[in-house]
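Undergrad:
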Amino acid sequence: MPREIRLNAFDMATVGHIQQGLWAHPRDRSAEYHRLDHWTGLAHLLERGLFDGLFLADVLGIYDVLGGSADAAIRHGVQVPLLDPALLVPAMAAATRHLGFGITANLSYEAPYLFARRMSTLDHLTGGRIGWNIVTGYLDSAARAMGLDRQMAHDDRYDMADEYMEVVYRLWEESWDGDAVREDRASGVYADPARVRRIRHEGRQYRLDAHHLCAPSPQRTPVLYQAGASARGQVFAATHAECVFLNGGPPAEVAKQVAALRALTERPIRVFVGATLVLGAAEAQARDKLEEYRRHASAEGALAHAAASLGIDFDRYGLDEPIASGSGNAIQSNVAAMTRAGGGVLTKRALLDRFILGSRQVPWVGTPATLAERLIAYAEETGCDGFNLSRTVIPECLEEVVELLVPELQARGAYKTGYAPGTYREKLFGGGPLLAPPHPAALRRAV
Ligand SMILES: Cc1cc2nc3c(=O)[nH]c(=O)nc-3n(C[C@H](O)[C@H](O)[C@H](O)COP(=O)(O)O)c2cc1C
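Numbering (UniProt numbering) for the sequence shown: 1 to 447.
#1: Measure the CB-CB distance between Leu99 and Glu163 and report whether it falls below 7 Å.
#2: State the CB to CB distance for the pair Asn106 and Leu60, rounded to an integer number of angstroms; the pair is presumed to be in contact (CB under 8 Å).
#3: Taking only heavy atoms of ligand 1 into account, decide whether any of them is closer than 6 Å to the Cβ of Val273.
#4: Is the closest heavy atom of ligand 1 to the C-beta of Tyr63 under 6 Å?
#5: Could you give the residue range of the alpha helix (DSSP H) that holds Glu292?
#6: Within the chosen definition, does the region 403-413 reach the region 367-381 through at least 3 CB pairs nearer than 8 Å?
#7: Would you identify the three-state DSSP class for Ile199, choosing helix, strand or coil?
#8: Would you call Ala436 buried or exposed, if buried means 16 or more other Cβ atoms sit within 10 Å of its Cβ?
#9: State the Cα-Cα distance for the pair Phe199 and Gly178, rounded to the nearest angstrom.
#10: Going by beta-carbon coordinates alone, are Glu174 and Ala446 separated by less than 7 Å?
#11: Enumerated in chain order, which unbroken segments of the beta strand (DSSP E) with a length of 3 residues or greater are wholly contained in the region 93-131?
#12: Let me check you understand the geometry: is the CB of Tyr138 closer than 6 Å to at least one non-hydrogen atom of ligand 1?
#13: At a cut of 8 Å, does the region 241-249 reach the region 267-282 through at least three beta carbon pairs?
#14: Specify, as a first and last residue, the run of the beta strand (DSSP E) that Arg270 falls within.
#15: Going straight from the alpha carbon of residue 451 to that of Arg204, what length do you get?
#16: At what residues does the alpha helix (DSSP H) containing Trp39 begin and finish?
#17: Sort Gly430, His212, Thr276 by Cα distance to Val196 and report the nearest one.
#18: Are Leu357 and Ala281 closer than 7 Å when you measure CB to CB?
#19: Is it the case that the Cβ atoms of Val223 and Arg425 are separated by a distance below 7 Å?
#20: Based on the DSSP secondary-structure assignment, which residues constitute the bridge partners of Leu82?
#21: Going by CA-CA distance only, name the one from Val258, Ser309, Leu264, Ala324 that's closest to Asp385.
#22: Rounded to whole angstroms, what is the Cα-Cα separation between Pro368 and Val402?
#23: Between Val223 and ligand 1, is the CB less than 6 Å from at least one heavy atom?
#24: So does the region 13-24 actually touch the region 77-89, counting three or more Cβ pairs closer than 8 Å?
#25: May I ask you to list the residues that DSSP assigns as paired with Asn133?
#26: Give the straight-line distance between the Cα atoms of Gly292 and Ala306, rounded to the nearest whole angstrom.
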């Protein structure tokens with residue numbers, strides 16, 4: 001039997017997420033990102049295709065690195081305008097029963113106390129279907145928006161995040177015992193104060209003296225996702241993450257990343273690899289569709305996106321001028337991957353050549369059958385558990401996956417035919433709804 005493949009849809013409450021410019025395609029509906037029925041319709045579709053989750057990216061600033069201006073990002077709708085992903089979840093949860101919701105939340109600018117309550121609320125309202133992609137951000141524009149001059153240095157952001165995690169674990173896991181809520185009408189006791197603990201924390205970044213405001217939610221700690229791939233990022237992921245996102249790339253390279261990550265921890269870690277698929281009934285049709293989509297792709301939008309996420313202003317470089325791979329305080333692993341893809345040298349031309357559909361993510365093009373084989377082979381070779389599918393022309397790109405690709409995967413025994421019961425965590429890992437030791441969150445739980 002082949003490895004089971006899991007699918008997440010990777011999206012963002014914005015016009016241009018990964019593949020820039022495609023919003024202008026006549027059949028594309030991403031400009032409806034501000035309508036609730038856009039999201040409930042998507043959630044329905046994904047549940048029909050037995051997707052594990054809808055993953056929503058987020059940033060807290062604008063992309064203003066290219067030429068020192070936000071003009072290109074604004075012109076092409078590159079992750080701006082952008083809504084708050086957490087607020088989309090309750091409506092989508094009401095429209096579905098099983099789909100998980102992974103929301104990206106940047107911990108750098110929000111007190112852990114407030115954030116912990118919001119996630120507990122979402123975990124309650126979704127019946128335990130919430131996940132959190134832990135990010136610290138990569139944009140100086142976000143830092144300036146929050147009154148700082150610039151963001152913290154790359155590794156320091158991870159140190160801050162370690163302390164943040166300690167605080168939110170204590171709120172989620174330690175503050176309320178599992179039997180604290182009595183709801184005893186006869187005695188009039190709603191909750192037992194002896195079973196609700198006040199959390200005191202004095203650390204380098206955070207001070208707190210408080211009870212968590214929420215009673216334990218089905219999963220307590222949301223399913224934890226993370227995407228750090230630098231050396232420091234991997235240590236953070238191995239400590240905290242249950243699922244990890246990787247950008248993708250040549251299978252041998254990704255296999256090494258997966259093995260290196262898993263070697264750092266005894267806990268099981270599910271790995272999802274980013275992929276963009278273009279399907280056609282025959283190979284020639286798939287290639288034609290790629291060309292048709294491609295006419296709408298925006299190279300300038302893609303460059304604005306890449307400049308901000310790599311932390312490099314490409315306008316300062318000539319087309320063939322080598323760009324030092326150590327430069328940039330944004331996503332280090334992305335800079336390293338781009339440099340490797342360029343044969344050891346990163347240039348603006350190499351980057352532009354890679355933009356096929358308006359991003360650095362090179363699409364996989366083929367029939368449902370060939371792409372099913374390719375996903376299965378990739379998962380076997382890399383040891384990944386599934387894929388995070390970026391959108392191209394929405395909703396058709398996902399309708400085709402649900403209607404054409406999923407049955408091909410199922411026919412090969414590589415895809416579930418129904419959802420497992422329980423919370424998001426139970427669906428992903430089996431076992432119970434709560435984190436288990438040796439995860440540091442589980443070690444905080446009293447009862
Ligand atoms: C697939 C994927 C999705 C990501 N989504 C976001 C996001 O939505 N918001 C964000 O601030 N960072 C996002 N990141 C960046 C990561 O959170 C993180 O900053 C980055 O991968 C750090 O990598 P490094 O440790 O290699 O520097 C994403 C990264 C990957 C690979």
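Using N, Cα and C, we set each Cβ at its ideal position, and we do this for glycine too.
Owing to the predicted nature of the structure, the values given are computational and were not obtained by experimental measurement.
TA: Taking the coordinates as given:
#1: Locating residue 99 in the sequence shown gives position 99, counting from the first residue. Locating residue 163 in the sequence shown gives position 163, counting from the first residue. Glu163 sits away from Leu99, with the two beta carbons spaced by 7 Å or more.
#2: Here residue 106 refers to the residue found at position 106 of the sequence shown. Here residue 60 refers to the residue found at position 60 of the sequence shown. About 5 Å separates the beta carbon of Asn106 from that of Leu60, a gap short enough to meet the 8 Å contact definition.
#3: For this step, residue 273 is matched to residue 273 along the sequence shown. Flag unset: Cβ of Val273 not near ligand 1.
#4: Indexing the sequence shown from 1 puts residue 63 at position 63. Every heavy atom of ligand 1 is 6 Å or more from the Cβ of Tyr63, so no.
#5: Along the sequence shown, one-based indexing puts residue 292 at 292. Per DSSP, the continuous alpha helix (DSSP H) segment holding Glu292 begins and ends at 283-294.
#6: By the Cβ criterion, the region 403-413 is in contact with the region 367-381, since at least three pairs of Cβ atoms, one from each stretch, lie closer than 8 Å.
#7: Mapped onto the sequence shown, residue 199 falls at position 199. Strand, per DSSP.
#8: As a first step, residue 436 is located in the sequence shown; it is residue number 436 there, counting from the start. So Ala436 ends up on the exposed side.
#9: Residue mapping note: residue 199 aligns to position 199 of the sequence shown, counting from 1. Residue mapping note: residue 178 aligns to position 178 of the sequence shown, counting from 1. The question names Phe, but residue 199 is Ile in the sequence shown. Roughly 16 Å between the two C-alpha positions.
#10: As a working mapping, residue 174 is identified with position 174 in the sequence shown. As a working mapping, residue 446 is identified with position 446 in the sequence shown. Yes, the Cβ-Cβ distance between Glu174 and Ala446 is below 7 Å.
#11: Taken in chain order, the complete beta strand (DSSP E) segments of 3 or more residues contained in the region 93-131 are 100-106.
#12: The residue you call residue 138 lines up with position 138 of the sequence shown. Yes.
#13: The region 241-249 makes contact with the region 267-282, as at least three CB pairs between them are under 8 Å.
#14: Against the sequence shown, residue 270 aligns to sequence position 270. First-last of the beta strand (DSSP E) with Arg270: 270-275.
#15: Because the chain here runs from 1 to 447, residue 451 falls outside it and cannot be looked at.
#16: Here residue 39 corresponds to residue number 39 of the sequence shown, with the count starting at 1. In the DSSP assignment, Trp39 falls within the alpha helix (DSSP H) that extends over 36-48.
#17: Working through the sequence shown from its first residue, we reach residue 196 at position 196. Closest by alpha carbon: His212.
#18: Against the sequence shown, residue 357 aligns to sequence position 357. Against the sequence shown, residue 281 aligns to sequence position 281. No Cβ-Cβ contact shorter than 7 Å links Leu357 with Ala281.
#19: As a first step, residue 223 must be located in the sequence shown, where it is residue number 223. As a first step, residue 425 must be located in the sequence shown, where it is residue number 425. In this structure, Arg425 lies closer than 7 Å to Val223 by Cβ.
#20: In the sequence shown, residue 82 corresponds to position 82, counting from 1. Per DSSP, Thr14.
#21: Translated into the one-based positions of the sequence shown, residue 385 becomes position 385. For Asp385, the closest alpha carbon among the candidates Val258, Ser309, Leu264, Ala324 is that of Val258.
#22: Position 368 of the sequence shown, counted from the first residue, corresponds to residue 368. Position 402 of the sequence shown, counted from the first residue, corresponds to residue 402. For Pro368 and Val402, the gap between their C-alpha atoms comes out near 10 Å.
#23: One-based indexing of the sequence shown puts residue 223 at position 223. No, the Cβ of Val223 stays beyond 6 Å of every heavy atom of ligand 1.
#24: Of all C-beta pairs linking the region 13-24 to the region 77-89, three or more are shorter than 8 Å, placing the two stretches in contact.
#25: Within the sequence shown, the letter at position 133 stands for residue 133. According to the DSSP secondary-structure assignment, Asn133 is paired through a beta bridge with Thr104, Tyr225.
#26: The count along the sequence shown starts at 1 and reaches residue 292 at position 292. The count along the sequence shown starts at 1 and reaches residue 306 at position 306. For the sequence presented, residue 292 should be read as Glu rather than Gly. Rounded to the nearest angstrom, the two C-alpha atoms are 23 Å apart.
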